[in-house]
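Following: one structure in structure tokens, then a few remarks.
Numbering (this note's numbering), first residue to last: 71 to 339.
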């Protein structure tokens with residue numbers, strides 16, 4: 071590839087949160103995430119759990135080059151100018167045994183409080199702590215995953231077709247889930263548990279993942295932020311340099327990038 075072909079404008083923000091990447095699972099949108107990571111630069115990057123899907127890897131060994139490239143890109147940022155904090159989830163809970171350690175320039179914290187540039191305190195945790203089904207029975211989660219796995223594979227096929235037709239990204243999986251009454255009720259209960267924990271820890275807001283439902287809203291005086299996922303909706307949460315928080319969606323990427331602070335053109339990482 072010629073040098074000029076690799077020239078790109080990077081965008082700089084203060085903080086980025088991503089969660090539920092599920093590397094090692096066929097439904098992971100690693101290619102989209104890799105482009106996002108390469109196009110963005112930040113002071114702090116939070117990996118809010120389920121980054122590596124050890125549950126899926128136990129059932130089937132799946133690790134394509136794109137997944138390896140995501141890991142290498144993140145480690146490259148950690149080695150140079152980005153503080154990377156890994157907050158494990160339930161699919162990568164083996165990493166919770168290393169709470170407080172720094173491995174390969176990546177800090178591991180089971181939960182952490184982030185302070186925005188304007189002084190707000192945000193609790194960062196994966197979110198499975200609020201899900202009694204996960205806490206009480208991992209077996210139930212494994213049983214229910216077959217239909218979900220199929221839906222995510224179908225989601226990838228649909229978007230492959232849309233990309234060939236020049237259409238924007240659209241999440242079939244998220245659309246189906248939002249129509250299911252049980253899922254809507256679960257999300258409502260989940261948000262209630264988040265509010266309770268935020269008040270208990272006396273913070274201004276809480277950032278999590280886990281339920282694959284991106285959200286940025288105020289609930290009874292608490293800022294609730296869910297950074298979404300990279301298997302269904304492909305979303306991330308960012309903090310601008312003035313402290314403004316924003317939810318980025320892959321489908322809105324061209325318009326969003328125009329509004330972000332550009333750095334000088336440079337070679338892609």
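In this text, a Cβ means the ideal position worked out from N, Cα and C, and glycines have one as well.
Please read these numbers as outputs of a predicted model, since none were measured by experiment.
Nearest CA to the CA of residue i: which residue from the options?
i	options	result
residue 123	200, 197 and 159	159
residue 282	305, 268 and 265	305
residue 190	273, 285 and 200	273
residue 318	106, 280 and 119	106
residue 126	270, 145, 98 and 151	98
residue 174	267, 153 and 185	153
residue 119	295, 108, 165 and 110	165
residue 271	299, 187, 183 and 259	183
residue 156	169, 178 and 149	178
residue 300	109, 121 and 111	121
residue 111	144, 188 and 286	144
residue 315	280, 276 and 303	276
residue 195	188, 185, 180 and 186	180
residue 292	83, 193, 104 and 94	193
residue 138	259, 187 and 94	94
residue 289	279, 302, 103 and 269	269
residue 141	188, 303, 92 and 187	92
residue 104	302, 136, 231 and 81	136
residue 108	82, 259 and 307	82
residue 320	295, 294 and 284	284
Buried or exposed: which applies to residue i, given that a residue is buried once 16 or more other Cβ atoms fall within 10 Å of its Cβ?
i	result
residue 171	exposed
residue 147	buried
residue 250	Because the pLDDT of residue 250 is 49, which lies under 50, any placement of that residue in the model is unreliable, and the number read from its coordinates should be weighed accordingly. So residue 250 ends up on the exposed side.
residue 297	buried
residue 101	exposed
residue 150	exposed
residue 302	buried
residue 188	exposed
residue 162	buried
residue 280	buried
residue 287	exposed
residue 231	exposed
DSSP on residue i, reduced to helix/strand/coil?
i	result
residue 214	Because residue 214 sits at a pLDDT of 46, beneath the cut-off of 50, its placement in the model cannot be relied upon, and the following sentence gives the value as read from the coordinates. Residue 214 falls in the coil class under three-state DSSP.
residue 171	coil
residue 250	Because the pLDDT at residue 250 is just 49, under 50, the model does not fix this residue reliably, and the value given afterwards should be weighed accordingly. Coil.
residue 157	coil
residue 207	Residue placement at residue 207 is poorly supported in this model, since its pLDDT is 40, which falls under 50; the coordinates still yield a value, given next. Residue state, collapsed to three classes: coil.
residue 90	coil
residue 310	coil
residue 107	helix
residue 19	Any answer about residue 19 is impossible in this case: the structure gives the chain only from 71 up to 339.
residue 302	coil
residue 164	helix
residue 333	Low per-residue confidence applies at residue 333: pLDDT is 49, beneath 50, and the placement is therefore not dependable enough to give any value.
residue 327	Its pLDDT being 49, under 50, residue 327 is placed unreliably in this model, and the value from its coordinates should be taken loosely. It is helical.
- Secondary structure, alpha helix (DSSP H): runs of 4+ residues fully inside the segment 276-300: No alpha helix (DSSP H) of 4 residues or more sits fully in the segment 276-300.
- Quick check: the segment 302-311 against the segment 126-137, are there 3 or more CB pairs under 8 Å? Between the segment 302-311 and the segment 126-137 there are fewer than three inter-stretch CB-CB distances shorter than 8 Å, so the stretches are not counted as touching.
- Message: Suppose only complete runs of 4+ residues qualify. What are the alpha helix (DSSP H) ranges in the segment 113-151, listed by chain order?
- Response: Segments of the alpha helix (DSSP H) lying fully in the segment 113-151: 124-129 and 135-149.
- Query: For the segment 81-94 against the segment 105-115, are there 3 or more C-beta pairs whose distance is under 8 Å?
  - Reply: Yes: the two stretches touch, three or more of their Cβ pairs being nearer than 8 Å.
- Are there three or more Cβ pairs, one per stretch, closer than 8 Å when the segment 194-203 is compared with the segment 259-266? Yes, they touch.
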